[in-house]
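Each remark here refers to the structure printed beneath this line.
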Amino acid sequence: MKPEGITPSQTVGPFFKYGLTPTGDYAWNDAFTNSTLTPDVSGDRVRIEGRVLDGDGATVPDAMLEIWQADAQGRYADPQDRRALPNASFRGFARCGTDKDGNYSFDTIKPGALPDPDGKPQAPHIVLAVFARGMLRHLYTRIYFSDEAGNAADPVLALVPADRRTTLIAVREAGKAVYKLDLRLQGDNETVFFDV
Numbered sequence: 001m002k003p004e005g006i007t008p009s010q011t012v013g014p015f016f017k018y019g020l021t022p023t024g025d026y027a028w029n030d031a032f033t034n035s036t037l038t039p040d041v042s043g044d045r046v047r048i049e050g051r052v053l054d055g056d057g058a059t060v061p062d063a064m065l066e067i068w069q070a071d072a073q074g075r076y077a078d079p080q081d082r083r084a085l086p087n088a089s090f091r092g093f094a095r096c097g098t099d100k101d102g103n104y105s106f107d108t109i110k111p112g113a114l115p116d117p118d119g120k121p122q123a124p125h126i127v128l129a130v131f132a133r134g135m136l137r138h139l140y141t142r143i144y145f146s147d148e149a150g151n152a153a154d155p156v157l158a159l160v161p162a163d164r165r166t167t168l169i170a171v172r173e174a175g176k177a178v179y180k181l182d183l184r185l186q187g188d189n190e191t192v193f194f195d196v
């Protein structure tokens, strides 16, 4: 009889994109989209796009990303945020999978500034979670905007070493409502991820 041993840990997947995203390399859609936009949502409409890269700089074609964000007035569609939403249809949540070239995109509104739990002002930002093969736990980060003066005083961004902050700041394309940010899962210039 063979002695019992320790079962090695293994990752699950990569099933994130296939099972949980609205579009992909299959012929059906579900209830989630890569957009927070509805006709009555007010605010500056923007697109956030980029690539997901692994530690070797190769694109990740089967990652799943989720965003949560405040509306243009800095209010969340969440029961814990007791301030009334001016646009009741705003969800502040979207999900997408990367394409075969590791690209992602979200269509949303630029969020407003909001207070942190201590009442200190935070720069407009979007919270992002990354799910990908080979990861036992998903990763959390934030997306800040390159044209926001509030970045200089943001209490969370201030905790990040100055030379690493660029990994969190989406750069606006000249003349367009498009912000670009590549997400690097490890290696040189790895995106800053938060232990939440």
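Using the UniProt record's numbering, the letters of the sequence shown map in sequence onto residues 1 to 196.
Beta carbons: idealized from backbone N, C-alpha and C, even for Gly.
Remember, predicted model here, so these are calculated numbers, not experimental data.
- Message: Rounding to the nearest angstrom, what Cα-Cα distance links residue 179 and residue 117 in this structure?
- Response: Reading the sequence shown from its first residue, position 179 is the one you call residue 179. Reading the sequence shown from its first residue, position 117 is the one you call residue 117. Computed Cα separation, rounded: 27 angstroms.
- In whole angstroms, what is the alpha-carbon distance linking residue 43 and residue 120? The residue given as residue 43 occupies position 43 in the sequence shown. The residue given as residue 120 occupies position 120 in the sequence shown. If I take the Cα positions, the gap works out to 23 angstroms.
- If you draw a straight line from the C-alpha of residue 162 to the C-alpha of residue 156, how long is it? On the sequence shown, residue 162 is found 162 positions in, with the first residue counted as 1. On the sequence shown, residue 156 is found 156 positions in, with the first residue counted as 1. One C-alpha to the other measures close to 12 angstroms.
- Task: From the DSSP output, in three-state form, read off residue 149 for me.
- Result: On the sequence shown, residue 149 is found 149 positions in, with the first residue counted as 1. DSSP places residue 149 in helix when its eight states are reduced to three.
- Item | chain B contact for residue 182 (CB, 8 angstroms cutoff) | Absence of chain B from the displayed structure is noted, only one protein chain being present.
- Message: Helix, strand or coil for residue 166? Go by DSSP, reduced to three states.
- Response: Here residue 166 refers to the residue found at position 166 of the sequence shown. Looking at residue 166 - three-state DSSP - the assignment turns out to be helix.
- Query: Which residues in the same chain have their Cβ closer than 8 angstroms to the Cβ of residue 35, if we skip the five residues on either side of it in sequence?
  - Reply: Along the sequence shown, read from residue 1 onward, the residue named residue 35 stands at position 35. Closer than 8 angstroms at the Cβ level, and outside the excluded window around residue 35, lie 94, 106, 107, 108.
- Message: Contact defined as beta carbons within less than 8 angstroms: I believe residue 132 pairs with residue 60. What is the distance between those atoms, to the nearest angstrom?
- Response: Here residue 132 refers to the residue found at position 132 when the sequence shown is read from its first residue. Here residue 60 refers to the residue found at position 60 when the sequence shown is read from its first residue. Confirmed, about 6 angstroms.
- Task: Could you tell me how far apart the beta carbons of residue 140 and residue 127 are, in whole angstroms, since I believe they sit closer than 8 angstroms?
- Result: For the purposes of this step, residue 140 is taken as the residue at position 140 of the sequence shown. For the purposes of this step, residue 127 is taken as the residue at position 127 of the sequence shown. Confirmed, about 7 angstroms.
- In three-state terms, what does DSSP make of residue 94? What you label residue 94 is simply residue 94 of the sequence shown in a count that begins at 1. DSSP places residue 94 in strand when its eight states are reduced to three.
- Task: For residue 151, count neighbouring C-beta atoms within 10 Å of its own C-beta (all shown protein chains included) and say buried if the count is 16 or more, exposed if not.
- Result: Taking the sequence shown and counting its residues from 1, the one referred to as residue 151 is at position 151. Burial call: buried.
- Message: If you measure between the beta carbons of residue 54 and residue 185, is that distance less than 8 angstroms?
- Response: Counting from 1 along the sequence shown, the entry for residue 54 is found at position 54. Counting from 1 along the sequence shown, the entry for residue 185 is found at position 185. In this structure, residue 185 lies closer than 8 angstroms to residue 54 by Cβ.
- Using CA coordinates, which residue listed in 190, 194, 181 is at the minimum distance from residue 51? Your numbering for residue 51 matches position 51 in the sequence shown. Of the listed residues, the one whose Cα sits closest to residue 51 is 181.
- Message: For residue 98 and residue 68, I'd like the C-alpha separation in whole angstroms.
- Response: Within the sequence shown, numbered from 1, the residue matching residue 98 stands at position 98. Within the sequence shown, numbered from 1, the residue matching residue 68 stands at position 68. The alpha-carbon atoms of residue 98 and residue 68 are separated by roughly 17 angstroms.
- Where residue 62 falls, given that 16 or more other Cβ within 10 Å makes a residue buried: Sequence index remark: in the sequence shown, residue 62 carries index 62 (1-based). With 16 or more other Cβ atoms within 10 Å, it is buried.
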